[in-house]
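All remarks here apply to the structure that follows.
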Amino acid sequence: MYLELDGHGPLYDQLTRALKASILEGRISAGTQLPPTRELADELDLSRTTVLAAYEQLRAEGFIAGRVGSGSYVSKLQAKPAAHHAETAIPAPSRYAERARAVRNWNIPRIHRGVRYNLQYGNPLVNPALNNAWGRELARAAAYTPLHINDVSGLAALRQQTCDYLARRRGVRADPDDVMIVSGTQQAIELTTRVLLNEADRVVLEEPHYFGAHQALVAHGAAVVAVRADQNGLVCDELPEQSPRLIYVTPSHQFPSGSILSLQRRKALLCYAERHQCWILEDDYDGEFSYESHPMPALRSLDEGDRVIYVGTFSKVMFGGLRLAYMVLPAALRQDFRNAKYLSDMACPVIEQAALAHFMEDGGFERHLRLARKELKLRRDALIAGLKEHARDRVELTDTPAGMHVVVWLRDYDAAKCEALIGHAHDKGLGLYPVAPLYLDTPPRPGLMLGYCGASVTELREAMQLFGECLDHFESH
1 MYLELDGHGP LYDQLTRALK ASILEGRISA GTQLPPTREL ADELDLSRTT VLAAYEQLRA
61 EGFIAGRVGS GSYVSKLQAK PAAHHAETAI PAPSRYAERA RAVRNWNIPR IHRGVRYNLQ
121 YGNPLVNPAL NNAWGRELAR AAAYTPLHIN DVSGLAALRQ QTCDYLARRR GVRADPDDVM
181 IVSGTQQAIE LTTRVLLNEA DRVVLEEPHY FGAHQALVAH GAAVVAVRAD QNGLVCDELP
241 EQSPRLIYVT PSHQFPSGSI LSLQRRKALL CYAERHQCWI LEDDYDGEFS YESHPMPALR
301 SLDEGDRVIY VGTFSKVMFG GLRLAYMVLP AALRQDFRNA KYLSDMACPV IEQAALAHFM
361 EDGGFERHLR LARKELKLRR DALIAGLKEH ARDRVELTDT PAGMHVVVWL RDYDAAKCEA
421 LIGHAHDKGL GLYPVAPLYL DTPPRPGLML GYCGASVTEL REAMQLFGEC LDHFESH
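Residue 1 is where the sequence shown starts when you use the numbering used here, and the numbers rise one by one after that.
Right under this line is the structure:
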């Protein structure tokens with residue numbers, strides 16, 4: 001406990017004043033248990049008699065109360081407001097800090113709280129059975145894992161399991177030395193900006209786009225060039241003639257539109273990168289959730305020039321709080337990324353990595369994936385069936401057999417009417433999210449992002465009925 005004695009008068013008086021000040025200023029909050037007298041005496045190098053006298057004085061004045069067999073606790077008092085110090089000149093923050101502050105204030109859609117049906121996108125499926133399985137894996141890992149910091153690239157066992165998984169599921173052939181374990185997709189994007197970009201370097205971003213990538217790029221000072229994505233993904237014919245340093249794409253399930261980058265365009269994009277000597281960041285954020293029998297392989301699997309930085313995430317597949325993802329790095333960039341990762345956080349938590357590696361080796365990860373894929377397909381089918389039944393021709397659906405959300409475009413709506421619909425739906429207990437904040441420019445028409453991970457099949461049917469009633473309300477006004 002930090003206490004500063006003022007040096008005036010008997011020691012027990014000094015200690016009493018110091019404790020009073022800490023309580024009144026709120027540094028020791030109401031209900032806090034004070035240290036035992038012997039412990040505080042040892043810590044402050046005082047006699048126990050001095051501490052006992054101070055505690056007795058505080059008890060007599062009502063600052064603390066004793067509980068038999070438990071100790072002394074701070075009473076509930078009105079703390080003094082913190083003193084306001086005069087404004088002093090402070091150095092200006094860095095340009096990065098200023099830009100980061102600005103992008104954090106961008107108009108990202110607010111999360112609906114307390115609504116009965118929340119169609120929020122981006123959250124993974126909640127699988128109650130996974131909680132028990134993960135708890136067992138953590139307990140096992142805690143008992144058997146060495147607790148020192150592991151390799152900056154990640155635990156060797158997890159990197160090997162990641163390679164095996166990518167070869168089976170995404171067609172990506174990689175060596176464990178190519179793989180780096182990171183703390184989520186956002187760290188992967190941030191590391192990429194630091195390793196590859198200087199201020200004002202040009203970066204191609206899909207339009208529409210993932211706002212987290214846009215924020216990281218702008219905060220770093222990159223010059224963002226938006227290139228349109230249509231029903232076949234990024235329009236490669238519209239890539240800039242002036243060479244960019246980096247191209248950020250989501251080819252397996254374009255975020256947010258849901259389109260899948262065609263094979264022809266994948267080859268064109270790789271040729272462009274080779275010709276312009278630039279890098280590609282492939283964000284495969286939900287590539288595991290394809291509901292076709294033969295999903296398109298990852299862009300990295302077609303990359304013969306070693307220009308694609310591939311990013312996948314375990315957090316989207318399992319649960320958001322896991323904060324583990326992975327990167328497959330071109331050989332020329334391995335050491336630079338290792339250096340950047342070391343300076344960022346040295347390494348990801350080792351126990352969680354060990355637990356995940358064993359979960360994958362033991363087959364639990366694949367079992368979870370199969371169940372999640374099956375359940376998400378049922379939910380997606382329920383959402384789409386409900387849209388067709390209750391929204392009918394008043395919306396246009398972008399239907400791709402992949403992912404964790406769908407996009408619907410509102411016919412005969414403008415931006416103001418779309419916002420009014422979202423507000424009305426919220427009042428009725430339905431959380432809807434606009435697609436507009438995911439565009440640099442105004443989208444061609446108002447649309448909604450409908451996530452289906454957080455609601456059951458029954459809830460999605462009811463939500464679509466309520467959505468239809470909300471549309472009915474605006475038709476009648």
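For every residue, glycine included, the Cβ atom is placed at its ideal position computed from N, Cα and C.
{"query": "H405: first and last residue of the uninterrupted beta strand (DSSP E) it sits in", "result": "H405 to L410"}
{"query": "Rounded straight-line distance, which links the Cα of Q465 to that of T458", "result": "11 angstroms"}
{"query": "Neighbourhood of G62 by C-beta distance below 7 angstroms, restricted to the same chain and skipping five residues each side", "result": "S75"}
{"query": "Whether Y121 touches H405 by CB criterion (7 angstroms)", "result": "yes"}
{"query": "C-beta contact flag for A213 and L197 at 7 angstroms", "result": "no"}
{"query": "Span of the alpha helix (DSSP H) around L512", "result": "Residue 512 lies beyond the stretch modelled for the chain, which goes from 1 to 477, so this question has no answer here."}
{"query": "Beta-bridge pairing of M449 - partner residues as DSSP gives them", "result": "V407 and Y433"}
{"query": "Proximity test, Cβ basis, 7 angstroms: I181 and chain C", "result": "Absent here is chain C; the protein component of the structure consists of one chain."}
{"query": "Nearest candidate by alpha-carbon position, reference E292, set T193, V224 and P401", "result": "P401"}
{"query": "Distance between E375 and L130 (C-alpha atoms, nearest Å)", "result": "14 angstroms"}
{"query": "Distance CB(F319)-CB(P128) smaller than 7 angstroms", "result": "no"}
{"query": "Collapsed DSSP secondary structure at R202 in the structure displayed", "result": "strand"}
{"query": "C-beta atoms of R116 and A219 nearer than 7 angstroms", "result": "no"}
{"query": "For D286 and Y310, believed in contact at Cβ under 8 angstroms, the rounded distance", "result": "The pair is not a contact, with the Cβ atoms about 14 angstroms apart (cut-off 8 angstroms)."}
{"query": "Alpha carbon of R338 to alpha carbon of D175, nearest angstrom", "result": "15 angstroms"}
{"query": "Three-state secondary structure (DSSP) of N123", "result": "coil"}
{"query": "Length of the line joining the Cα atoms of L383 and E207", "result": "26 angstroms"}
{"query": "7 angstroms Cβ cutoff met for L322 and L158", "result": "no"}
{"query": "Rounded C-alpha distance that separates L261 from P295", "result": "12 angstroms"}
{"query": "Beta-carbon proximity check, L15 vs A60, cutoff 7 angstroms", "result": "no"}
{"query": "In DSSP terms, what T313 is bridged to", "result": "A325"}
{"query": "Same chain only: Cβ atoms within 7 angstroms of V227, ignoring 5 sequence neighbours per side", "result": "V204, E206, E207, L234, V235, E238 and L239"}
{"query": "Length at least 4, wholly inside the stretch 114-163: the alpha helix (DSSP H) runs in chain order", "result": "128-144"}
{"query": "Check whether I181 and C348 have beta carbons under 7 angstroms apart", "result": "yes"}
{"query": "CA-to-CA distance, L270 to D303, given in whole angstroms", "result": "7 angstroms"}
{"query": "A436, buried or exposed, once every other Cβ within 10 Å from all chains shown has been counted against 16", "result": "buried"}
{"query": "Per DSSP, cross-strand counterpart(s) of L281", "result": "Y248 and I309"}
{"query": "Residue from Q254, C453 and N150 whose Cα sits closest to the Cα of Q353", "result": "N150"}
{"query": "Separation of G447 from L460, as counted between CA atoms", "result": "19 angstroms"}
{"query": "Beta-carbon separation (whole angstroms), A273 vs R300, contact threshold 8 angstroms", "result": "At roughly 12 angstroms, the Cβ-Cβ gap does not stay under 8 angstroms, so A273 and R300 are not in contact."}
{"query": "C-beta contact flag for T192 and A325 at 7 angstroms", "result": "no"}
{"query": "Extent of the continuous alpha helix (DSSP H) to which R101 belongs", "result": "R95 to R104"}
{"query": "Environment of R265 [buried if 16+ CB atoms lie within 10 Å]", "result": "buried"}
{"query": "Cβ-Cβ distance between L329 and D178 below 7 angstroms", "result": "yes"}
{"query": "Close beta carbons around D414, own chain, < 7 angstroms, minus the five adjacent residues each side", "result": "P446"}
{"query": "Delimiting residues of the alpha helix (DSSP H) encompassing A73", "result": "The identity of residue 73 in the sequence shown is Tyr, whereas the question assumes Ala. Segment G71 to V74 is the beta strand (DSSP E) holding Y73; no alpha helix (DSSP H) there."}
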